[in-house]
Structures are given as structure tokens and as C-alpha cells.
Amino acid sequence: MPTQIPPALTLGTIHRAFAGGVVAIENVSLEIPAGQFAAILGPSGCGKSTLLRIIAGLDRATSGSVNLAPQSRLAYVFQDAHLLPWRDVLNNVALPLELMGVAKPQRLSAARQFVEMVGLADAADRYPNQLSGGMRMRVSLARALVTQPTLLLLDEPFAALDEITRQHLDDQLRQLWKTTKTTVLFVTHSTAEATFLAERAIVLSKRPATIVADLPIHLGEVRPAELRGEARFAQTTQAVYRALARGEA
Amino acid sequence: MRKNLAHILPPLVTFLAVTLAAEAITRITHAPAFLFPRPSTVLRTIVIDRDGLAAAFWNTSQAALIGFGGSAILGILLAIALASSRLLRRAIFPYTVFFQTVPVVAIAPLLVIWLDPGLLSVTVSTLIVAIFPVITNTLTGLLSTDPALEDLFTLYGSGRLARLLKLRFPAALPSIFSGLRVSAGLAVIGTIVSEALVGQLIHGEGLGAMLRGANQSGHADRVFALVLLSSILGLVLFGAVNLIGKLLLKAWRQPCD
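Which chain is which? The protein sequence lines are A and B, in order. Numbering-wise, my numbering puts 59 at position 59 of the first sequence, and it's gapless, one number per residue. Basically my numbering = 1-based index in the second sequence + 249.
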């Protein structure tokens with residue numbers, strides 16, 4: 001009975017104006033059902049990050065409401081890995097649990113589990129400066145997942161990586177989402193990435209950001225890497241692209 | 250080993266070349282020894298008075314080390330306090346510039362009167378001379394943490410102490426060490442100048458006091474010998490701080506993003 005589960009997130013007419021009078025977000029209302037993988041698309045600098053920060057409580061809306069499902073646990077993945085350079089992989093992943101006051105044996109065993117989940121078991125005792133960009137991003141992902149979040153917020157997490165690494169991480173993220181069944185909000189400016197990953201594409205206009213399209217993406221539950229070469233993938237990407245182009249106009 | 254040699258050899262060669270050139274020039278030009286003592290004379294002075302100079306070197310080392318250690322601890326603590334509050338920063342920081350601008354020559358005599366001549370007055374002047382780079386560099390380091398990491402700590406409900414100990418302080422360490430390196434050099438200068446002003450120490454004479462004596466009696470060879478020893482002390486202290494920093498900050502060496 002999906003209707004009885006409260007939505008993971010409800011945004012009510014969010015409005016955000018900055019001190020200089022620049023309006024970043026205008027009248028954004030949104031409901032994200034629990035367990036959904038939703039992509040937020042928009043032109044660069046349109047306020048996507050600001051919206052994500054407002055949801056995470058790192059920024060405040062000028063007006064409007066943010067309602068999270070009761071007992072929500074949030075996690076946030078930034079554009080770059082942002083690891084602590086003086087900590088090895090395992091202790092970087094354990095950091096959120098450490099800050100939440102989880103005892104050392106528990107947090108280390110949880111961290112080990114998620115380091116394995118992102119495929120870095122062999123690199124657990126390495127330091128960030130000994131890792132490639134893709135590996136660092138996977139550590140960042142493991143660090144977000146270690147608290148078993150109910151809502152995972154990702155802010156263009158793979159934008160700085162090369163295309164191959166990026167597609168590989170997209171595949172992995174999709175897998176992780178299927179195993180953890182967490183709700184995901186994924187900010188990107190890539191229509192192909194959004195189409196491959198998400199069940200739903202929420203397209204924002206250029207600043208001030210408003211929702212110009214909210215498209216369901218019917219590409220099935222299982223999405224192998226080969227999907228990217230199929231005609232239906234290209235068509236869906238085109239549809240998302242057209243919505244994005246409308247918002248830029 | 251080969252790498253160490255590559256670091257040590259070039260400056261050593263420079264030193265030997267300059268010294269030999271000085272020896273040659275002073276011999277050829279018959280420069281007056283009270284103005285330009287020959288390096289060989291300076292070396293002989295060091296050998297002859299090795300016991301007295303070693304004792305002075307040790308006394309000065311102690312004072313410089315205590316003064317430097319004090320400025321490191323106090324400077325870091327002060328910077329942590331300043332970093333914790335904008336109001337405190339506005340109220341206090343301008344006055345820390347005092348430490349940088351005040352000439353030790355002006356305050357050392359007063360310190361001697363307040364604290365009696367001796368180790369204490371010398372170390373306090375050393376501290377005053379050496380503390381400023383520690384304060385500014387620590388403060389800069391503490392205040393320039395990665396904003397995304399600050400957000401991460403906020404997201405997981407980190408308290409102020411955990412934020413300081415697990416994020417800001419370790420992130421500031423490279424910056425703290427560049428402050429300490431500058432401070433190490435200043436500490437030696439501060440100690441020698443204040444020793445020269447204070448004169449005889451209670452526990453024995455330091456390089457600075459000897460330097461004043463040698464200058465007043467016109468023993469240029471002794472002056473050069475003492476300057477050489479002071480430089481060695483500065484070099485050793487600077488090198489030690491540098492080495493500790495390098496070993497400690499291995500993981501920091503490359504920026505991670």
C-alpha cells in the first residue's frame with residue numbers, strides 16, 4: 001500500500017532570496033515518495049545546490065516548508081569527495097558514526113561493511129592522497145551510506161570525474177540504491193546521467209529556479225550498462241533534454 | 250641516503266666555497282684582523298675556547314627552546330580562543346600585532362627590571378618575539394577549513410569540541426607548522442638579542458652576552474665564532490621543527506581534492 005507510507009520529503013512553496021536581492025528559488029513544491037530515485041536537473045548555477053542544501057538543513061528557505069518523514073536520517077554527497085586527508089579510508093567512512101556517538105567497535109565494523117560494498121576492501125587502510133579520483137568518490141559514497149540514511153542527497157557527485165569512471169560509478173550507485181532501498185535525490189546537469197539513474201526527472205528552469213517539468217522515467221528496475229546504447233534510452237534522454245532546453249529559454 | 254646527500258651537499262659546498270674565498274681574500278689583501286678575521290683564526294678561537302663556548306651554546310639553547318616552546322603552546326592556545334569567537338577576534342587580534350612590531354631592544358631592559366636578570370627574563374623576551382607567527386598562522390589555518398567538511402560536521406550534529414579536535418585543528422596543522430618554522434628562527438634571534446641586553450645570566454653566560462663582550466673588547470674573531478654558533482643553533486631548531494612537521498604531516502602532503 002504505497003499511499004499509506006508517508007513521503008520521504010515534501011517541499012511546500014520554497015522560496016529563497018539572497019541578501020543582495022537575487023532570487024535563487026521561486027515557488028518550488030515537491031513530494032518525493034519513500035524509496036524513489038529522483039533526479040533534479042537544471043542549468044548550471046540555477047539553484048539546484050541551494051535547494052539540496054535547504055533540504056539538508058544547511059541553508060534556510062526565505063519562505064516555504066520542508067517536511068521530512070519522521071525519523072529521517074540524511075546523508076549528503078558533495079561535488080568532490082571532501083575526505084579528511086589525515087584519516088585512512090576506513091576511518092573516513094566511520095566519521096559520521098563517530099560524530100553521532102557510536103562506539104568504536106560498532107562504527108568500525110559498519111564502516112568496513114560499507115567500504116566493502118563500494119568495492120574498496122583492499123584499500124581500507126590507504127590515505128586519500130593514495131587514491132584515484134574515482135576511488136575517493138566511492139569513499140565519499142560509503143561515508144554517506146554508513147549511517148544507513150533514509151534520504152540520500154547527492155550534489156553532482158561525479159561531475160568532476162572522467163566519463164568512464166563516471167558511468168561506472170553511476171552503475172554502482174544504481175546497484176546500491178537497489179540493495180539499500182533508500183530514497184535518493186540526485187542533482188545533475190547531465191540528461192543522460194539523470195535518465196540512466198532515476199525513476200523521475202524533476203527539471204528546473206534557470207534562475208530563479210522553478211519546476212518546468214516533472215517526468216517519469218520508465219526504463220525498468222534493472223538497468224544494465226548496455227541500456228545506454230538502446231533506442232528507448234536515447235528517446236527518454238531526448239525528452240528530458242527538451243524539458244531542460246525549455247527551462248533555459 | 251642518496252636523497253639526503255642531495256639535500257645536504259649543495260649548501261655544504263656553498264659554505265666551504267665562501268669560507269675558502271674569505272680565507273684567500275683576507276690573506277691576499279692583508280685585511281686587518283680586528284675588522285676581517287680570517288676563517289682559520291675564527292676556527293682556532295672556537296677550538297681554544299671550546300668549553301666556554303659549548304657552555305654558552307647550551308645556555309642559549311635552553312633559553313631559546315623554552316621560549317620557543319612557550320610561544321608555540323601559548324600561541325596555539327590563543328589562536329584557538331580567537332578562532333572560537335568573532336567578537337574576541339575583533340577585540341584582541343589587533344593587539345597581537347604588538348608582538349610583531351615591538352622591538353625586543355625596547356622591552357628587554359624593562360623585563361629585566363620586572364623579572365630580574367636571568368633565564369626568565371630572557372625566555373619571556375624570546376616568547377614575545379617568537380609568538381606572532383604562531384598566532385597568525387594557526388588562526389588562518391583554523392579559519393580556512395573546507396566549508397563542505399564544516400557542513401558535513403553540522404549535518405551529523407557535531408559539537409564544537411569535536412569540530413575543533415577532529416576537523417579544524419588537524420586541518421590547520423600544515424599552517425601551524427609554517428608558523429612554527431618562522432617562529433623557530435625568530436626565537437634564536439630573540440634569545441641572543443635579549444641575552445646581549447640582559448648580560449650575565451644567573452645560571453651562566455649565553456652566546457648573546459658573550460657577543461656583547463666580544464664586540465666591546467673588539468675581538469672580531471670571537472664575534473664571528475659566536476655568530477657562527479648562533480646560526481648553527483637557529484639551523485638546528487629550524488631543522489628539527491621542519492623534520493617533525495614533515496614526518497607528522499605525511500598524509501597532508503597532497504591536497505585531497
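From the three backbone atoms N, C-alpha and C, an ideal C-beta is built for every residue, glycine too. Quick caveat, the model's predicted, so the values are computed rather than measured.
Integer Cβ distance of residue i from residue j, believed to fall under 8 Å
i                   : j               : result
isoleucine 384/B    : threonine 350/B : Rounded, the Cβ-Cβ distance is 13 Å, inconsistent with contact.
glutamine 36/A      : proline 157/A   : At roughly 18 Å, the Cβ-Cβ gap does not stay under 8 Å, so glutamine 36/A and proline 157/A are not in contact.
alanine 69/A        : alanine 8/A     : 5 Å
leucine 388/B       : leucine 475/B   : Not a contact, Cβ separation roughly 36 Å.
alanine 239/A       : leucine 215/A   : 6 Å
alanine 24/A        : alanine 243/A   : Wrong, their Cβ atoms sit about 20 Å apart, outside the cutoff.
glycine 439/B       : valine 353/B    : 6 Å
isoleucine 277/B    : glycine 324/B   : About 49 Å separates the two Cβ atoms, so there is no contact after all.
valine 139/A        : leucine 83/A    : 6 Å
glycine 319/B       : proline 382/B   : That pair is no contact at about 14 Å.
phenylalanine 317/B : leucine 99/A    : Not a contact, Cβ separation roughly 35 Å.
alanine 507/B       : arginine 461/B  : The structure shown does not extend to residue 507/B, since chain B spans only 250 to 506, so no value can be given for it.
threonine 251/A     : asparagine 67/A : One cannot answer for residue 251/A here, as it falls past the ends of chain A, which runs 1 to 249.
Exposure label - residue i; buried when at least 16 CB within 10 Å
i                   : result
phenylalanine 114/A : buried
threonine 183/A     : buried
isoleucine 14/A     : buried
isoleucine 40/A     : buried
asparagine 386/B    : buried
valine 222/A        : exposed
asparagine 92/A     : buried
histidine 218/A     : exposed
proline 504/B       : With a pLDDT of 49 at proline 504/B, under the threshold of 50, the predicted position of this residue should be treated as unreliable, though the coordinate-derived value follows. It counts as exposed.
aspartate 155/A     : buried
proline 335/A       : This structure leaves residue 335/A out entirely; chain A is present only between 1 and 249.
glycine 119/A       : exposed
lysine 181/A        : exposed
threonine 264/A     : Nothing can be reported for residue 264/A, as the shown portion of chain A is limited to 1 through 249.
glutamate 226/A     : exposed
arginine 417/B      : buried
threonine 179/A     : exposed
threonine 48/A      : Looking at the sequence itself, residue 48/A is lysine, so the reference to threonine does not match. Buried, by the Cβ-count rule.
serine 65/A         : exposed
valine 371/B        : buried
alanine 144/A       : buried
aspartate 88/A      : buried
tryptophan 177/A    : buried
aspartate 170/A     : buried
lysine 415/B        : buried
tryptophan 235/B    : The structure shown does not extend to residue 235/B, since chain B spans only 250 to 506, so no value can be given for it.
leucine 258/B       : exposed
leucine 492/B       : exposed
isoleucine 55/A     : buried
valine 22/A         : exposed
valine 490/B        : buried
serine 424/B        : buried
valine 267/B        : exposed
asparagine 253/B    : exposed
arginine 16/A       : buried
glutamate 116/A     : exposed
glutamate 163/A     : exposed
methionine 1/A      : In this prediction, methionine 1/A scores a pLDDT of 47, lower than 50, which makes its location untrustworthy; no coordinate-derived value is stated.
For residue i, the residue or residues it bridges with in DSSP
i               : result
alanine 16/A    : The question names alanine, but residue 16/A is arginine in the sequence shown. DSSP output for arginine 16/A lists Ile25/A as bridge partner(s).
leucine 30/A    : Leu11/A
aspartate 251/A : Residue 251/A falls outside the range modelled here, since chain A spans only 1 to 249, and no answer is possible.
alanine 209/A   : Ile25/A
| field | Segments assigned alpha helix (DSSP H), at least 4 residues, entirely inside the segment 114–150 of chain A | value | 133–145
| Taking Cβ-Cβ distances below 9 Å as the criterion, which residues of the segment 67–92 of chain A are in contact with chain B? | Within the segment 67–92 of chain A, the residues whose Cβ lies closer than 9 Å to some Cβ of chain B are Leu74, Ala75, Tyr76, Phe78, Gln79, Asp80, Ala81, His82, Leu83, Leu84, Pro85, Trp86, Arg87, Asp88, listed in chain order.
| field | 4-residue-minimum alpha helix (DSSP H) runs that sit fully inside the segment 373–458 of chain B, ordered along the chain | value | 396–404, 409–412, 418–447
| field | Runs of alpha helix (DSSP H) lying entirely within the segment 148–204 of chain A, each at least 4 residues, in chain order | value | 163–180, 191–197
| task | Identify every run of the alpha helix (DSSP H) within the segment 313–377 of chain B, keeping only runs that are complete inside it and at least 4 residues long; order them along the chain. | result | Listed in chain order, the complete alpha helix (DSSP H) runs (minimum 4 residues) inside the segment 313–377 of chain B are 335–350, 353–364.
| said: So if I threshold CB-CB distances at 8 Å, which residues from the segment 385–409 of chain B count as touching chain A? | reply: From the segment 385–409 of chain B, only Asp395, Ala397, Leu398, Asp400, Leu401, Phe402, Thr403, Leu404, Tyr405, Gly406, Ser407 have a Cβ closer than 8 Å to chain A.
| message | Tell me which residues of the segment 92–126 of chain A have at least one Cβ-Cβ distance to chain B shorter than 8 Å, keeping chain order. | response | Leu95, Pro96, Glu98, Leu99, Met100
| said: Counting only Cβ-Cβ distances shorter than 7 Å, please list the residues of the segment 408–434 of chain B near chain A, keeping chain order. | reply: Ala411, Pro419
| query | If you measure beta-carbon to beta-carbon, which residues of the segment 44–63 of chain A are closer than 7 Å to chain B? | reply | Ala56, Leu58
| request: Report the residue ranges of all alpha helix (DSSP H) runs contained in full by the segment 31–100 of chain A; include only those spanning at least 4 residues, in chain order. | output: 48–56, 89–99
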